[in-house]
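With my numbering applied, the sequence shown corresponds to residues 847 to 1155, in that order. Just so it is clear, CB atoms sit at the ideal spot from N, CA and C, and this is done for glycine as well. Everything numeric in this text was worked out from a predicted model, so none of it was measured. One structure below.
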Amino acid sequence: MARIVTVYRDSRGVFQPVEMGVIRWLKISEALARRGHSVDIATNETFSPAMERAVAEHGLRLRCVPLRDVCWSDYDVVKTLFDLGFQTLEKYGGAGHPFIISKLGSVVDAHDREGIYFYGAYREELYGVQERINESSRYVTVLSEGARELWVELFGPKRNILLVPGAADREIPALGDDPFPRGDHTRVLFAGNVYTRDHQGEANEVLVAKLNVLGGLLRSRGCRLYMIGVGDVSRLDPECVTYLGFVSHDDAWNFFGHAHVGIVVSAGQFMHNKGSRCGDNRKRHQEHPNSCPDNPKDVLRVIGLTWQH
């Protein structure tokens, strides 16, 4: 089996799977370890005692190792997550490794493009990272067909571009206590990242505006829109959307299980890095089928809206 090191960010403190990028980092690392590989998470963070116990209980060869001490040549494979992961690898001297697998979320164009919510200097920075990933990586994975098509348009058709969509967890915990505020209304849940005005201001503006409008429509029909997740929520209208803060990945399952409806909100047609939280909602519904209807028409009926296709 292979020795694999995974790389995302160089934050310090306790490793907390709250933000989706970190959740994916952990879950991908765990999945590789379950397949028998020896996996190191290169980070300046440390596992909590509870996470260390969970790893030990599952018998996984998975650990955190300090970024500053990593000898990249000791590994068969380096797996980076998102643009930030590759930038972290560059910062710590590992971009010359002969077998890098780079996972991307969004793919940006060489120029500002309507509907891809990265603009100006930030988009230029991300495109530069993509160019270096294209030059250095043995494989590149993207989340959607739209992202793959854009990558091929930019860098040409290659056999090393892999389409790997997001997915739900392999196992989910038993349903716990109801975390929602009390009330008889229908609960509609959005779980995700609305970004910030500093880095993706346009996407933040569009997503928050859509949530406010949807929340208003739902409120007029006796429903309540809730949000859990990260990003700049300062412009969420509390009359329309109830923000419940960011929660750990494990705690989020109770929100999925006790919600009646889960929604995915996209900023535009090229917003091709969404959907995993929807998969989590669907899997929780499969475990607890009374919590939420599965057919989209039935979902809209529950919240009092109409189906248009």
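From residue i to residue j, what does the alpha carbon distance come to, in whole angstroms?
i            : j            : result
residue 1019 : residue 965  : 40 Å
residue 944  : residue 1027 : 52 Å
residue 1126 : residue 1034 : Residue placement at residue 1126 is flagged as unreliable, the pLDDT there being 49, under the threshold of 50; the coordinate-derived value follows with that caveat. Taking the straight line joining both Cα atoms gives about 15 Å.
residue 978  : residue 941  : 9 Å
residue 1031 : residue 1066 : 11 Å
residue 961  : residue 1113 : 8 Å
residue 981  : residue 919  : 19 Å
residue 1078 : residue 1039 : 9 Å
residue 976  : residue 879  : 27 Å
residue 1049 : residue 1107 : 23 Å
residue 1083 : residue 986  : 39 Å
residue 871  : residue 916  : 17 Å
residue 1110 : residue 921  : 37 Å
residue 996  : residue 1022 : 42 Å
State the beta-bridge partners of residue i as determined by DSSP.
i            : result
residue 1038 : 1075
residue 980  : Per DSSP, none; premise fails for residue 980.
residue 909  : 886
residue 926  : 853 and 948
residue 1109 : 1036
residue 1069 : 1032
residue 987  : 949 and 1008
residue 998  : Partner(s): none; residue 998 has no beta bridge.
residue 859  : 891
State the DSSP-derived secondary structure class of residue i, mapped to helix, strand or coil.
i            : result
residue 848  : coil
residue 1165 : The structure shown does not extend to residue 1165, since the chain spans only 847 to 1155, so no value can be given for it.
residue 1135 : With a pLDDT of 46 at residue 1135, under the threshold of 50, the predicted position of this residue should be treated as unreliable, though the coordinate-derived value follows. DSSP places residue 1135 in coil when its eight states are reduced to three.
residue 1006 : coil
residue 1017 : coil
residue 1062 : helix
residue 1081 : coil
residue 1022 : coil
residue 1087 : strand
residue 958  : coil
residue 1101 : helix
residue 963  : coil
residue 974  : helix
residue 968  : helix
residue 900  : helix
residue 1094 : coil
residue 916  : coil
Taking 8 Å as the cut-off, decide whether the C-beta atoms of residue i and residue j are in contact.
i            : j            : result
residue 923  : residue 848  : yes
residue 874  : residue 852  : yes
residue 983  : residue 947  : yes
residue 988  : residue 950  : yes
residue 1070 : residue 1064 : yes
residue 1086 : residue 1061 : yes
residue 1052 : residue 1081 : no
residue 1101 : residue 1025 : yes
residue 913  : residue 856  : yes
**OP:** Count the CB pairs spanning the region 880-888 and the region 851-866 that are closer than 8 Å, and state whether there are at least three.
**Re:** Enough Cβ pairs lie closer than 8 Å, so yes.
Original post:
Pairing CB atoms from the region 1002-1011 with CB atoms from the region 1074-1085, are three or more of them under 8 Å?
Top reply: Judged by Cβ distances under 8 Å, the region 1002-1011 makes no contact with the region 1074-1085, as fewer than three pairs qualify.
**OP:** Pair every Cβ in the region 929-938 with every Cβ in the region 893-909, then say whether three or more of these pairs are closer than 8 Å.
**Re:** Output reads no: the region 893-909 does not touch the region 929-938.
Original post:
Three or more C-beta pairs closer than 8 Å, one from the region 946-962 and one from the region 891-899: is that the case here?
Top reply: Contact between the region 946-962 and the region 891-899 is not established, with fewer than three Cβ pairs separated by less than 8 Å.
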